[in-house]
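Visitor: Under my numbering, the first residue of the sequence shown is numbered 12, with each subsequent residue one higher. Think of the CB as a built atom: it goes at the ideal place given N, C-alpha and C, for glycine as much as any other residue.
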Amino acid sequence: MLDLDRSLVELVRQKLITLEEARFRARSPEAFQNYLRTLPNANAED
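The following block contains the structure:
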(Lines of atoms letter the chains of each structure in order from A and count residues from 1; the text may use other names and numbers.)
(Lines give C-alpha, C1' and ligand atoms only; values in the text may rest on other atoms or scores of the structure.)
Protein backbone atom coordinates (compact mmCIF):
# COMPACT_ATOMS: atom_id res chain seq x y z
CA MET A 1 0.00 0.00 0.00
CA LEU A 2 1.29 3.40 -0.93
CA ASP A 3 1.61 6.12 1.70
CA LEU A 4 -0.42 8.39 -0.58
CA ASP A 5 -3.35 6.00 -0.41
CA ARG A 6 -3.09 5.82 3.39
CA SER A 7 -3.16 9.61 3.56
CA LEU A 8 -6.26 9.67 1.38
CA VAL A 9 -8.01 7.27 3.74
CA GLU A 10 -7.12 9.54 6.64
CA LEU A 11 -8.52 12.59 4.82
CA VAL A 12 -11.75 10.72 4.17
CA ARG A 13 -12.00 9.71 7.82
CA GLN A 14 -11.63 13.36 8.83
CA LYS A 15 -14.29 14.28 6.25
CA LEU A 16 -11.89 16.61 4.43
CA ILE A 17 -12.49 14.88 1.12
CA THR A 18 -15.17 12.49 -0.10
CA LEU A 19 -14.62 8.81 -0.69
CA GLU A 20 -15.14 9.43 -4.42
CA GLU A 21 -12.36 12.04 -4.45
CA ALA A 22 -10.05 9.67 -2.62
CA ARG A 23 -10.78 6.88 -5.11
CA PHE A 24 -10.07 9.25 -7.98
CA ARG A 25 -6.74 10.33 -6.47
CA ALA A 26 -5.57 6.86 -5.42
CA ARG A 27 -2.69 5.62 -7.54
CA SER A 28 -3.84 2.04 -7.22
CA PRO A 29 -7.64 1.92 -6.98
CA GLU A 30 -7.73 -1.85 -6.39
CA ALA A 31 -5.21 -1.68 -3.57
CA PHE A 32 -7.03 1.33 -2.14
CA GLN A 33 -10.32 -0.59 -2.13
CA ASN A 34 -8.70 -3.59 -0.48
CA TYR A 35 -7.18 -1.34 2.18
CA LEU A 36 -10.55 0.30 2.85
CA ARG A 37 -12.08 -3.13 3.42
CA THR A 38 -9.54 -3.82 6.16
CA LEU A 39 -10.62 -0.75 8.14
CA PRO A 40 -13.22 -1.21 10.87
CA ASN A 41 -16.34 0.72 9.82
CA ALA A 42 -14.52 3.33 7.76
CA ASN A 43 -17.84 4.63 6.44
CA ALA A 44 -20.04 4.04 9.46
CA GLU A 45 -21.16 7.67 9.62
CA ASP A 46 -22.00 8.06 5.93
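Assign residue 57 to one of three DSSP states: helix, strand, or coil.
Guide: Residue 57 sits at position 46 when you count from the first residue of the sequence shown. Because residue 57 sits at a pLDDT of 47, beneath the cut-off of 50, its placement in the model cannot be relied upon, and the point is left open.
Visitor: I'd like the list of long-range same chain contacts for residue 43, defined as Cβ closer than 6 Å, with 5 residues on each side in sequence excluded.
Guide: For the purposes of this step, residue 43 is taken as the residue at position 32 of the sequence shown. Hits under 6 Å: 16, 37.
Visitor: Please go through the same chain and pick out, in chain order, the residues whose beta-carbon is closer than 7 Å to the beta-carbon of residue 34, but skip the five residues on each side of it.
Guide: Along the sequence shown, read from residue 1 onward, the residue named residue 34 stands at position 23. The answer, listed in chain order, is 40, 43.
Visitor: According to the neighbour-count rule (16 or more other Cβ atoms, all chains shown, within 10 Å of its Cβ), is residue 50 buried or exposed?
Guide: Numbered from its first residue, the sequence shown carries residue 50 at position 39. Label assigned to residue 50: exposed.
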